[in-house]
Structures are given as structure tokens and as C-alpha cells.
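Right, one structure below, let's go through it.
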């Protein structure tokens, strides 16, 4: 069901509940169960008598048919209806894709019909989007075939979850703020290098109309009939990785405890949640849950994916510094944290003990959670631990860097404090671009790092907790409407590709009309 704007406005004046962030260590390719833990913790809080709701992101078709799978949780800790959620759901992604591509079409149309804004077609910054992993569309030539088709130029596609329109919808407070932010999108540059905004080609109004229904949060439920707000879906490796501000704020007015997640590891999703979303929305998180798994520790300890099901206590110990790094990083934001060990059937007692001992030696607490298999009963201990932590250890949340800091200095701060890099490598062109944006008044924006999720470095194969590495910047993009600067690091792509064996090959409808293979 959609939650109406009028109902949301009627909640003004209510006190906010407590906000709990669920994040994780650097994941294996299949994910570590962050959404499953978010659902499990929400159900667990309700089980112990607390009034709790969860806030998660909508699923993208790209990973559903690619490698990672859906975004509705799993086992007995999932949001239903799973099939609808992981496919078209309420059509929000379609609306976002349509609004984004309407703007792209209007840009080319403006150029075709005389180019009143004097757009330099070599400097059109706005790419098209598609909610699918399709590497063939990363770099294209468009408007070929003669005069009737416009002016040929190089262009490309990003995946919808990397769209600035997606980020804007997830950060806007209401429709008026949405339209203002859409108008602020920089779509191209003129021949004199001045920016052309979305409002300059009169696209912001029509885009807002397309997004009117999509701005309303979706309310569904968990298997245990507890409320779940599912809204927005930016990835955390190529975007800011959090569900919508409007859904989070609505949940905080309705529940005493709100559990939300931020994508991938704490180096990406949590950093952006704390430095971008909370700062822009005026939110103050009360607690953090760091999800860890035995298999991820083994992978960070150098074990191949095919061997993760075999007991290897020493590999767990070798991989634990990755978790320790994330624990240290969360402490820098002043938010108390607990580790949730998401239990898998292949985990052995010795491996779990090694992981718990490491956390204890770091001064933390690690709770084994079996919510996938047992539902809320498997997360009851985690729920009690989180409540006690909130009551006994008040949050002293603060962003990692002051917003007045220079753009390049913000990148350096994240690189050195979170990734533990020794240096940031950026050519003079990138440094000059950042300085130019500062001179144009954009220096007070946060930075949104686009980087591989598998490592603290830009090398996805470099596991553990490496130090002494360099962070190369390939590209910077100004998302003036969303309110941040995207910094593209290493070889990360804003349009992913499908794996060698995509999940789509195993998805079908059986003889009973039921979908199989979707997870």
C-alpha cells in the first residue's frame, strides 16, 4: 500500500522513535544477510514487546537477474510478497526510469530544435538509465542515421539505481523539495562552460508529475505481520545506498524503534548514511548493528568461494581484522555498535567461537543470530542487546568531516580514515574540476564515493584490512540536485554487467503458475 502525503503531514508534531542502522563487513558476492538481519531485528523487537518498524530499499531487477538476488530478506525473516517486491512492485523504479529518460529526451530535443540554451553537445553530462545490468550500453553513439535523428554524439546508460533522480527521490522531504531538487540537476554545459540546469529546459514540472505517486512510501509487512516501509533503492557502491528520507521519517513518527539498512559494507553504505543521509535529513542514529558472517571472514582470510563451506578456523581468524576495521570506523561517528553473526548452516561451533572471541577482545559484543531459520525467536537476544545498548550508551553521532571542508579534502578524509589509504591519486583535471565546483558554490556538499564493495581498496580481490594503498580517482560527477559530488574510484562501473551464469537462467514459472528460482 502507498502511504499518502496527507497522512504523512498529519504526523507532524509527534516525537521520533529510536533509529537503528544495520550495516556489515565487506561482503562475499552473494551478500551477508543485511536485509535478512534488518527484518529479523525488527521482528525480534516486536517479539520482546517493542513497537518497531523496518525501512529497507526496493529491489533492482539488475541484481535480481544477475548474481546477488533480491532484496526482501530470506528464510523466516523476509518481507512479503517477495515475488512482487523483487520484480515490478508498485512501479516506483519504472516511474524513476521514465522521469530520468524524459529529461534525457528533452535535452536532445532542445538541441534538435535550435539549442536556445547554447548547449555544447560535447558536454552533455546527463546519461540515460535502465533498471538492468547491461554492459553493452555503458558507452554508445546516439543520434546516428542522418539529420532527422539529431546531432550524433557519444552517450551512455547507467543502471537506474545510480540515477540522480533516484537519489533525489530518496533525499527529498516532500513534492516541493523534489521539484526544486530536480530543477537543480545539471544536465550539460554551454560553450562558455556555464551549467545548464534541468529547469532551464523546463523538464522539472513534468518529471515531478511522473514521480508524484513514487514519492509516497510503500508499506508492506514481514512474515510475522510487522510493518515494513520499502521505498527507494540506490546502490551503495555507485550511489548513496539508503532508503528514502520520507519513509524513514514516517516510520520514526509511527514506531518506537525503526531499523533501517545501508547497502554493502560499513565503508560504503554506513559512511554515506551517516555523512550524507543523516546530515541532509537531520537524523540522529541511536545504534548500529554490524552484520558479520563466518563465510565472509573466511573469504577475507584468503579462502576461495568454492571452499567456504569447509571448516577453517585459522581462515576465520585471518579474516577478522576486516570486521575490526569496520568496528573502529563506526566508533569514529560516535554511534554505539553491536556485532550480529548471521548464522549459516555450514558454520561450526569452533568458527563461531573464534569470531566471538575476536569481537570480545576488541571490546565489543557479538550475538549469534538465527532469524533466517527461526524468525524472531532467532533474533530475540540481538533485540534485547540493542535495546539495552541504546538505554545505557547514548549516541554521540557526528559526521566524519565538517561540511565546510574542501571537496578534495573530504575525499582524502574518507580515504585515510575509513579505507586507510596512504594517498589519493587524482590528475590535475580532476583537482581543477573540484576547485571549479567550489568556486561555483558547491564546496559545501558531501562526497559520495563510488568504489568496489568487496574491499577497502579499489581492488576487489584485495581482502582483509589492507593499509598502505592508494585510492585512484577516475572521474567526478556533480549531482547538484541530490546534493553531493560523486567520486568514481578505480574500475567501478555505474552500469554493471551480468555474471557468466546469471540468476535469470534459473528463474521460471512452474506448472502450478508459481515463480521458481527468484530469491
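In my numbering, the protein residues as written are 211 to 729.
The beta carbon of each residue, even a glycine, is placed where N, CA and C say it ideally should be.
Since this is a predicted model, take the numbers as computed values, not measurements.
Query raised in the report: Looking only at C-alpha atoms, which of 377, 608 and 296 sits nearest to residue 717?
Result: If you compare the alpha carbons of 377, 608 and 296 with that of residue 717, the shortest gap goes to 296.
Requested in this report: Could you tell me which of 575, 218 and 432 sits nearest to residue 291, measuring between CA atoms?
Outcome: When only C-alpha atoms are compared, the closest one is 432.
Query raised in the report: Using 8 angstroms as the Cβ pair cut-off and three pairs as the minimum, do the stretch 374 to 387 and the stretch 437 to 446 touch?
Result: They touch, by the three-pair rule.
Query raised in the report: First and last residue of the beta strand (DSSP E) that includes residue 629?
Result: Counting along the chain, residue 629 falls outside any beta strand (DSSP E), and DSSP gives it neither H nor E.
Query raised in the report: Per DSSP, residue 552 is paired with what?
Result: In the DSSP secondary-structure assignment, residue 552 is bridged to 579.
Report task. Can you tell me which of the three DSSP states residue 456 falls into? Result -> Three-state DSSP puts residue 456 in a helix.
Query raised in the report: How is the beta strand (DSSP E) around residue 398 delimited, first residue to last?
Result: Taken as a continuous stretch (DSSP letters only), the beta strand (DSSP E) holding residue 398 covers 396 to 400.
Report task. Within the same chain, show all residues whose beta-carbon is closer than 6 angstroms to that of residue 487, passing over the 5 residues directly before and after it, in chain order. Result -> By the criterion of a C-beta distance shorter than 6 angstroms, residue 487 is surrounded in its chain by 452, once the five residues flanking it on both sides are discounted.
Report task. Note down, one range per segment and in chain order, each alpha helix (DSSP H) of at least 4 residues found wholly within the stretch 374 to 433. Result -> Entirely contained in the stretch 374 to 433, the alpha helix (DSSP H) runs reaching 4 residues are, in chain order, 374 to 381, 385 to 393 and 414 to 421.
Query raised in the report: What distance in whole Å lies between the Cβ atoms of residue 251 and residue 592, which are believed to be in contact at a cut-off of 8 angstroms?
Result: Contact between residue 592 and residue 251 is confirmed by a C-beta separation of about 6 angstroms, below the 8 angstroms threshold.
Requested in this report: Starting from the C-beta of residue 626, find all residues in its chain whose C-beta is less than 7 angstroms away, skip the five residues before and the five after it, and write them out in chain order.
Outcome: Nothing meets the Cβ criterion.
Report task. Could you check the C-alpha separation between residue 269 and residue 458 for me, to the nearest Å? Result -> Going by the C-alpha atoms only, they are around 17 angstroms apart.
**Report entry** Environment of residue 654 [buried if 16+ CB atoms lie within 10 Å]
**Finding:** Here residue 654 is exposed, its C-beta having fewer than 16 other C-beta atoms within 10 Å.
**Report entry** Endpoints, the alpha helix (DSSP H) within which residue 600 is located
**Finding:** Start and end: 590 to 602.
**Report entry** For residue 288, the three-state DSSP class (helix, strand or coil)
**Finding:** In this structure, residue 288 counts as strand in the three-state DSSP scheme.
Query raised in the report: If you drop the 5 nearest sequence neighbours on each side, which residues of the same chain put their C-beta closer than 7 angstroms to that of residue 513?
Result: Here the set comprises 522 and 525.
**Report entry** Proximity below 7 angstroms, CB of residue 550 to CB of residue 501
**Finding:** Result yes, Cβ atoms of residue 550 and residue 501 sit closer than 7 angstroms.
Requested in this report: Go ahead and pull the three-state DSSP assignment for residue 731.
Outcome: The displayed coordinates of the chain run from 211 to 729. Any statement about residue 731 would go beyond what the structure contains.
Query raised in the report: Given residue 685, which residues of its chain have a CB within under 6 angstroms of its CB, disregarding the five upstream and five downstream residues?
Result: When the five nearest sequence neighbours on each side are left out, the beta carbons in the same chain lying within less than 6 angstroms of the beta carbon of residue 685 are those of 698, in order along the chain.
Query - 7 angstroms Cβ cutoff met for residue 704 and residue 448 - result: The Cβ atoms of residue 704 and residue 448 sit closer than 7 angstroms to each other.
**Report entry** 8 angstroms CB neighbourhood of residue 727 in its chain, flanking five on each side removed
**Finding:** Once the five neighbours on either side are set aside, the close Cβ partners of residue 727 are 713, 716, 717 and 718.
**Report entry** Beta-carbon spacing of residue 366, residue 337 below 7 angstroms
**Finding:** Judged by beta-carbon spacing, residue 337 lies within the 7 angstroms limit of residue 366, meaning their Cβ atoms are closer than that value.
Report task. Return the bridge partner residues of residue 621 from the DSSP annotation. Result -> Among the bridge pairs identified by DSSP, residue 621 is matched with none.
Requested in this report: Write down the C-beta distance between residue 545 and residue 497 rounded to the nearest angstrom, noting that I regard them as a contact closer than 8 angstroms.
Outcome: Confirmed, about 7 angstroms.
Report task. Buried or exposed for residue 324, please, with buried defined as at least 16 other CB atoms from any protein chain shown within 10 angstroms of its CB. Result -> Residue 324 should be labelled exposed.
Requested in this report: Keeping to the same chain, check which residues put their C-beta closer than 7 angstroms to that of residue 301; ignore five residues upstream and five downstream.
Outcome: Result list for residue 301: empty, nothing under 7 angstroms.
Query raised in the report: At what residues does the alpha helix (DSSP H) containing residue 330 begin and finish?
Result: Element bounds for residue 330: not the alpha helix (DSSP H) but the beta strand (DSSP E), 329 to 334.
Query raised in the report: Between 389, 283 and 331, which lies nearest to residue 208 when the distance is taken from Cα to Cα?
Result: Because the chain is modelled from 211 through 729, residue 208 falls outside the range shown and cannot be assessed.
Query raised in the report: Do residue 339 and residue 370 have their C-beta atoms closer together than 7 angstroms?
Result: Yes, Cβ-Cβ distance for residue 339 and residue 370 is below 7 angstroms.
Query - CB of residue 355 within 7 angstroms of CB of residue 582, strictly - result: Not in contact: residue 355 and residue 582 (Cβ atoms no closer than 7 angstroms).
Query raised in the report: residue 461 to residue 342, Cα distance in whole Å?
Result: The C-alpha of residue 461 lies about 30 angstroms from the C-alpha of residue 342.
**Report entry** Own chain partners of residue 424 with C-beta closer than 7 angstroms, once the 5 adjacent residues on each side are dropped
**Finding:** Within the same chain, residue 424 has close Cβ partners 302, 305, 306 and 379.
**Report entry** Endpoints, beta strand (DSSP E) assigned at residue 450
**Finding:** For residue 450, there is no enclosing beta strand (DSSP E), since its DSSP letter is neither H nor E.
Query raised in the report: If we call anything under 7 angstroms between Cβ atoms a contact, is residue 420 one with residue 308?
Result: When the beta-carbon positions are compared, residue 420 and residue 308 come within less than 7 angstroms of each other.
**Report entry** Helix, strand or coil at residue 164 according to DSSP, with G and I counted as helix
**Finding:** For residue 164 there is no data in the structure shown, the boundaries of the chain being 211 and 729.
Query raised in the report: Helix, strand or coil for residue 659 per DSSP?
Result: Note: residue 659 maps to strand in three-state DSSP.
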